[in-house]
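Inspection log for the structure reproduced underneath, given as structure tokens.
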Amino acid sequence: MKIGVCGTGRMGSSIAQRLISVGHEVGVWNRNPAKTKPLVDAGARLFASPAELVGTCDIVVVMLLNDAASEAVYRGPNGILKSNLTGKLVIDMSTVRPDTMTSIGHAVAQLGAAFVECPVGGSIVPAREGKLFGLVGGANADVARAMPLLEQLCRRIEHVGPLGAGATMKLAVNLPLLVYWQALGEALTICKPLNLSADRLVDILSDTAGAPAAMKGRGAIIAKLLGGAPLGETAFGITAAKKDLATAVQFAASIHAELPVATSALTCFEEAEAVGLGDADATTVSVRWTQRKAANSKS
36 MKIGVCGTGR MGSSIAQRLI SVGHEVGVWN RNPAKTKPLV DAGARLFASP
86 AELVGTCDIV VVMLLNDAAS EAVYRGPNGI LKSNLTGKLV IDMSTVRPDT
136 MTSIGHAVAQ LGAAFVECPV GGSIVPAREG KLFGLVGGAN ADVARAMPLL
186 EQLCRRIEHV GPLGAGATMK LAVNLPLLVY WQALGEALTI CKPLNLSADR
236 LVDILSDTAG APAAMKGRGA IIAKLLGGAP LGETAFGITA AKKDLATAVQ
286 FAASIHAELP VATSALTCFE EAEAVGLGDA DATTVSVRWT QRKAANSKS
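Numbered by the numbering used here, the letters in the sequence shown go through residues 36 to 334 in order.
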């Protein structure tokens with residue numbers, strides 16, 4: 036099957052790699068073509084614009100950074116909506132505001148294509164292995180059409196409602212985990228007088244009811260960073276995490292809900308980005324907080 040991947044950042048590239056590995060003919064587009072080189076080397080075909088990509092594919096998987104990028108890629112001069120969409124299937128896996136997803140989906144449908152949203156839980160390794168958690172929104176018939184491909188990308192798929200429901204659920208899924216990374220930094224800070232090793236502290240905190248499942252994979256990495264190791268591979272960057280928290284706070288305000296804890300965590304992610312950690316993994320927020328407090332105590 037001919038599948039286009041529109042947006043080849045960390046997650047988009049990993050999804051494209053998965054699609055290539057299971058035998059699909061994959062086309063790619065990215066605003067920065069240089070980021071597509073590993074995929075082209077692996078057999079993907081590079082296209083010059085989103086419209087050109089869509090024109091040659093049966094299914095298009097979209098994975099973009101934020102709402103502004105989505106609007107530009109869909110509605111721009113050579114965007115997705117400028118292509119012949121009749122009979123095609125568009126699966127958007129971006130994490131954006133629910134109203135953005137709904138508006139784009141309706142625009143795609145008006146041009147004769149099926150549209151399904153499927154923002155995902157999971158990072159680059161699960162994406163490469165086809166083990167993401169798909170949070171689907173869309174009409175039943177469109178979701179049924181998308182399901183064979185989604186099953187190649189996801190270990191679990193939940194159809195949670197109409198368009199916009201998947202985006203809402205994704206914001207809800209990310210929120211407590213991102214808040215936890217900041218809370219972990221605060222927990223580590225109050226443990227500093229104990230003078231315990233980083234490995235022991237993280238091991239204790241990981242083996243408690245308050246620790247998320249993500250600590251199983253990231254705890255050892257956090258301990259190494261606390262011990263002075265250099266930053267490693269980024270699974271989910273601070274800038275992307277900050278964007279997701281900001282999107283959740285903005286969406287909450289639009290439905291007259293308040294997110295005081297998430298709003299405070301957002302400020303901490305913004306500070307981490309401002310000191311040059313935007314490309315570092317979101318878990319670095321925990322380590323950065325312990326270092327920030329140490330610096331303040333010396334001043």
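All C-beta atoms in this analysis are idealised placements derived from N, C-alpha and C, irrespective of residue type, glycine included. Everything numeric in this text was worked out from a predicted model, so none of it was measured.
A direct Cα-Cα distance of roughly 7 Å separates Glu-221 from Trp-324.
As the crow flies, the alpha-carbon of Asn-113 is around 11 Å from that of Gly-90.
Residue state for Cys-189 is assigned as strand, using DSSP reduced to three classes. By the Cβ test, the stretch 278 to 288 is not in contact with the stretch 240 to 253, since fewer than three Cβ pairs between them sit closer than 8 Å. Val-178 is a Cβ neighbour of His-194, given a cutoff of 8 Å. Secondary-structure assignment with DSSP links Glu-152 through a beta bridge to Asp-127, Gly-172.
Assignment of beta-bridge partners to His-194 by DSSP yields Val-171. The residue from Ala-288, Ala-144, Thr-274, Ala-162 with its alpha-carbon nearest to that of Arg-53 is Ala-162. Excluding residues up to 5 positions away in sequence, Val-97, Met-98, Leu-99, Ser-105, Pro-154 lie with their Cβ nearer than 7 Å to the Cβ of Ser-129 in the same chain. By the Cβ test, the stretch 56 to 66 is in contact with the stretch 76 to 95, since at least three Cβ pairs between them sit closer than 8 Å. For Val-89, the uninterrupted alpha helix (DSSP H) run begins and ends at 85 to 90, by DSSP. If you look at Val-63, you'll find it in the beta strand (DSSP E) that goes 60 to 64.
Distance from Ile-192 to Leu-185 at the Cβ level is roughly 5 Å; contact confirmed, criterion being Cβ atoms closer than 8 Å.
For Lys-277, no beta strand (DSSP E) run applies; the uninterrupted alpha helix (DSSP H) run containing it begins and ends at 273 to 289, by DSSP.
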